[in-house]
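Just so you know, this note's numbering puts the end of the sequence shown at 377, numbered straight through with nothing missing.
Cβ atoms here follow ideal geometry from the backbone N, Cα and C, with glycine treated the same way.
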Amino acid sequence: MYDFAVVGVGPPGARFARRAAERGHDVVAFERGEIGRPLACSGHVSLDVWAYVPEEARERLHENDVYGARFHTGGPGSDAHEFYYTDRPVSNAIDRVELDKTLARAAADAGADVRDGHTVTGVRETSDGVELDVRSADGDETVAARMVAGCDGPRSRVRDQLALPEPEEFLHGVLAFDPEPDHDDYVDVHLTVPGFFAWRIPRGEAGVEYGLAATPTESGDVATRFDEFVADYGVAGRIERRCSGLIPIGPPETVTATRGFLLGDAAGMTKPFTGGGILYGMTAADVAAEAIDPDDPGTLAAFEDAWRDELGRDIALGKLVRKGYDAPELVQTVGMRFFSGEIGVHMDRPSTLFSREQLGALFRR
Numbered sequence: 013m014y015d016f017a018v019v020g021v022g023p024p025g026a027r028f029a030r031r032a033a034e035r036g037h038d039v040v041a042f043e044r045g046e047i048g049r050p051l052a053c054s055g056h057v058s059l060d061v062w063a064y065v066p067e068e069a070r071e072r073l074h075e076n077d078v079y080g081a082r083f084h085t086g087g088p089g090s091d092a093h094e095f096y097y098t099d100r101p102v103s104n105a106i107d108r109v110e111l112d113k114t115l116a117r118a119a120a121d122a123g124a125d126v127r128d129g130h131t132v133t134g135v136r137e138t139s140d141g142v143e144l145d146v147r148s149a150d151g152d153e154t155v156a157a158r159m160v161a162g163c164d165g166p167r168s169r170v171r172d173q174l175a176l177p178e179p180e181e182f183l184h185g186v187l188a189f190d191p192e193p194d195h196d197d198y199v200d201v202h203l204t205v206p207g208f209f210a211w212r213i214p215r216g217e218a219g220v221e222y223g224l225a226a227t228p229t230e231s232g233d234v235a236t237r238f239d240e241f242v243a244d245y246g247v248a249g250r251i252e253r254r255c256s257g258l259i260p261i262g263p264p265e266t267v268t269a270t271r272g273f274l275l276g277d278a279a280g281m282t283k284p285f286t287g288g289g290i291l292y293g294m295t296a297a298d299v300a301a302e303a304i305d306p307d308d309p310g311t312l313a314a315f316e317d318a319w320r321d322e323l324g325r326d327i328a329l330g331k332l333v334r335k336g337y338d339a340p341e342l343v344q345t346v347g348m349r350f351f352s353g354e355i356g357v358h359m360d361r362p363s364t365l366f367s368r369e370q371l372g373a374l375f376r377r
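Below, the structure is given as structure tokens:
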């Protein structure tokens, strides 16, 4: 019997597998297809990501430095309000597929048994653990573990099998790529989509990422909106590697069962104001590895409290930031004029709106 079975080897699953293995636990991790594919997430991340990958991987993953963002209330070519750091990058564009592969290799190097091409088709809690039905090219098998970590995305099978609640809502997102190199220092954000926004991210020699997400009431129109968005940028004929998926927003009231727990998108551990979940998911994975004892189901309650203590304030503030996306254009413009310019805000932590760095940036204007 394994100590932990991890379902899903994206960033949260790979990170938890690594950290649990480093603590001496026997860990098996299953990914239903090829690790990192199909791509379902943006590769725009804060600099904090480098604390989670081996130093030697940085050059391989890094694509572009981003120093700020241009916010638009209209389409391409509309007036923009700039927010930026003056002395260092605020974020990086990275190779998102290679990030997953790097994190999975780090988990395997730490001693976790990482298996791609393995689909978990069933999960059952037992008196002393869990049983997982697993299907692969080698046939079907049943794997036993003391606990299961559901890291298997927005439509989590583990969540369903453990009868845990869904995140508060799901957005529908679309992204695709223009291969033309672009080393611009700024991303573009367009507040032209009901409930969310559209974006353009320069990725150096890797080209440009275009994306758009909308609330469920607009989900039937997302593909059309995206086509219009890239057409307005004049790149519709160059777009390739198009993909789409659900973006969970808002964690449910509980992410733990008797012998299982959720991490990452399965748990709605994302930034409500951007939909990004890489850093939040890996942060919660570290909390889980430290708090959960596979021999003591009672420690799941400690994990539930600890991850919310770590991320809850920023998630709550992120929901308030998101409300501004649907504010009247005049209100948006006035607000952006007040805050635009040099900033000291961390892109993953809206609580830093009240930080010394942000206050200093405001007073230096």
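DSSP three-state assignment for residue i, whether helix, strand or coil
{"i": "Val5", "result": "Limits of the chain in this structure are 13 at one end and 377 at the other, which puts residue 5 out of reach."}
{"i": "Pro398", "result": "Here the chain comprises residues numbered 13 to 377, so residue 398 is not present and cannot be evaluated."}
{"i": "Glu322", "result": "helix"}
{"i": "Leu332", "result": "helix"}
{"i": "Thr131", "result": "strand"}
{"i": "Asp317", "result": "helix"}
{"i": "Glu46", "result": "coil"}
{"i": "Asp194", "result": "strand"}
{"i": "Arg167", "result": "coil"}
{"i": "Val299", "result": "helix"}
{"i": "Glu369", "result": "helix"}
{"i": "Glu221", "result": "strand"}
{"i": "Ala33", "result": "helix"}
{"i": "Gly162", "result": "strand"}
{"i": "Val19", "result": "strand"}
{"i": "Ala105", "result": "strand"}
Cβ-based burial, residue i [other Cβ within 10 Å; buried from 16]
{"i": "Ser103", "result": "buried"}
{"i": "Gly219", "result": "buried"}
{"i": "Gly89", "result": "exposed"}
{"i": "Gly55", "result": "buried"}
{"i": "Gly293", "result": "buried"}
{"i": "His195", "result": "exposed"}
{"i": "Met13", "result": "exposed"}
{"i": "Val346", "result": "exposed"}
{"i": "Trp336", "result": "Position check: residue 336 holds Gly in this sequence, whereas Trp was assumed. By the neighbour-count rule (16 or more Cβ atoms within 10 Å), Gly336 is not buried but exposed."}
{"i": "Ala313", "result": "exposed"}
{"i": "Ala301", "result": "buried"}
{"i": "Leu183", "result": "buried"}
{"i": "Asp121", "result": "exposed"}
{"i": "Ser168", "result": "buried"}
{"i": "Glu316", "result": "buried"}
{"i": "Pro98", "result": "Contrary to the premise, residue 98 reads as Thr rather than Pro in this sequence. With fewer than 16 other Cβ atoms within 10 Å, it is exposed."}
{"i": "Pro228", "result": "exposed"}
{"i": "Phe209", "result": "buried"}
{"i": "Leu144", "result": "buried"}
{"i": "Gly289", "result": "buried"}
{"i": "Thr440", "result": "Residue numbering for the chain in the displayed model covers 13 to 377; residue 440 lies beyond these limits and cannot be assessed."}
{"i": "Phe273", "result": "buried"}
{"i": "Leu342", "result": "exposed"}
{"i": "Pro306", "result": "buried"}
DSSP bridge partner residues for residue i (one or two, in chain order)
{"i": "Phe208", "result": "Val205"}
{"i": "Tyr96", "result": "Gly80 and Glu354"}
{"i": "Tyr14", "result": "Ala157"}
{"i": "Ile304", "result": "In the DSSP output, where bridge partners are listed per residue, Ile304 has none listed."}
{"i": "Arg136", "result": "Glu143"}
{"i": "His184", "result": "Ala226 and Leu258"}
{"i": "Asp125", "result": "Val40"}
{"i": "Asp200", "result": "Arg82 and Arg212"}
{"i": "Arg349", "result": "Bridge partners of Arg349: none, in fact."}
{"i": "Phe189", "result": "Glu221 and Glu252"}
{"i": "Ser363", "result": "None; Ser363 has no bridge partner."}
Contact with chain C by residue i, beta-carbon distance below 8 Å
{"i": "Ser90", "result": "Protein chains in the displayed structure number just one, and chain C is not present."}
Practice item. With a floor of 4 residues, list each alpha helix (DSSP H) that falls wholly inside the stretch 230-285, ordered by position along the chain. Key: 234-244
**Study point:** Entirely enclosed beta strand (DSSP E) segments - the stretch 54-94, minimum 3 residues
**Key:** 56-58, 74-78 and 80-84
Exercise for review: Inspect the CB distances between the stretch 29-49 and the stretch 322-339 and report whether three or more fall short of 8 Å.
Suggested key: no
Check your understanding: Does the stretch 59-74 come close enough to the stretch 39-50 that 3 or more CB-CB pairs lie under 8 Å?
Key -> no
Check your understanding: Are the stretch 45-61 and the stretch 83-99 touching by the rule of at least three beta carbon pairs closer than 8 Å?
Key -> no
**Study point:** Given 8 Å, three or more beta-carbon pairs between the stretch 266-280 and the stretch 150-163
**Key:** yes
Review point. Is the stretch 337-344 in contact with the stretch 203-223, if contact means three or more CB pairs nearer than 8 Å?
Key: yes
**Study point:** Segment contact, 8 Å Cβ cut-off, at least three pairs: the stretch 237-256 with the stretch 126-138
**Key:** no
Exercise for review: Say whether the stretch 103-118 touches the stretch 73-87, bearing in mind that this needs 3 or more beta-carbon pairs closer than 8 Å, one atom from each stretch.
Suggested key: yes
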